[in-house]
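Enquirer:
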Amino acid sequence: MIEDSLTKQVIGAAIEVHRHLGPGLLESSYQKCLQYELVNRGLIARREVPVSIQYKDLLVENGYRIDLLVNEELVIETKTVEELNDIHLAQILTYLKFGGFKRGLLLNFKALRMIDGIQRVSL
30 MIEDSLTKQV
40 IGAAIEVHRH
50 LGPGLLESSY
60 QKCLQYELVN
70 RGLIARREVP
80 VSIQYKDLLV
90 ENGYRIDLLV
100 NEELVIETKT
110 VEELNDIHLA
120 QILTYLKFGG
130 FKRGLLLNFK
140 ALRMIDGIQR
150 VSL
């Protein structure tokens, strides 16, 4: 994935949140604090953005939600797990595909160092 200005800004904001809060909270706390940090940096950050699934001619609207969508283009999936695995990657890839987005970040706030809990994802 090509490093871009928006991704750098989000990673910087995630590191700032992690530096202040540490690794022991719920995902929802990190989401709210990251949204706050991003907005304070002049970005548009929406939480819990619905994603519908299209199957042939059937539209399935069953509660899938992107944790954070930044500037209507970067999908952020937050986690608080021991380590990121294939199911987390599959989840964000689904959001990218059905939402029509090109790139995203998996952010694991349970990592001791935030930089170790970041995975860039693109289609």
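Counting along the sequence shown from 1, when you hit position 42 you're at 71 in my numbering, and nothing is skipped either side. Think of the CB as a built atom: it goes at the ideal place given N, C-alpha and C, for glycine as much as any other residue.
Going straight from the alpha carbon of Glu102 to that of Asp145, what length do you get?
Expert: Approximately 23 Å, taken between the alpha carbons.
Enquirer: Using only the alpha-carbon positions, how far apart do Gly53 and Ile82 sit?
Expert: Using only the alpha carbons, I get a separation of about 33 Å.
Enquirer: In this structure, how does DSSP classify Gly176 when only helix, strand and coil are distinguished?
Expert: Summary: the structure shown does not reach residue 176, with the chain confined to residues 30 through 152, and so no result is reported for it.
Enquirer: Within 8 Å, do at least three Cβ pairs link the stretch 71-91 to the stretch 106-118?
Expert: No, because fewer than three Cβ pairs between the stretch 106-118 and the stretch 71-91 fall closer than 8 Å, the two stretches do not touch.
Enquirer: Hey, quick one: how far does the beta strand (DSSP E) through Val150 stretch, first residue to last?
Expert: Note, Val150: beta strand (DSSP E), 147-151.
Enquirer: Given this structure, state the Cα-to-Cα distance separating Val99 from His49, to the nearest angstrom.
Expert: So the alpha carbons of these two residues sit roughly 21 Å apart.
Enquirer: Enumerate in chain order the residues of its own chain whose CB-to-CB distance from Tyr93 is below 6 Å, with the five nearest sequence positions on each side excluded.
Expert: Result list for Tyr93: Val80, in chain order.
Enquirer: Taking Cβ positions, are Ile105 and Val78 nearer each other than 7 Å?
Expert: In this structure, Val78 does not lie closer than 7 Å to Ile105 by Cβ.
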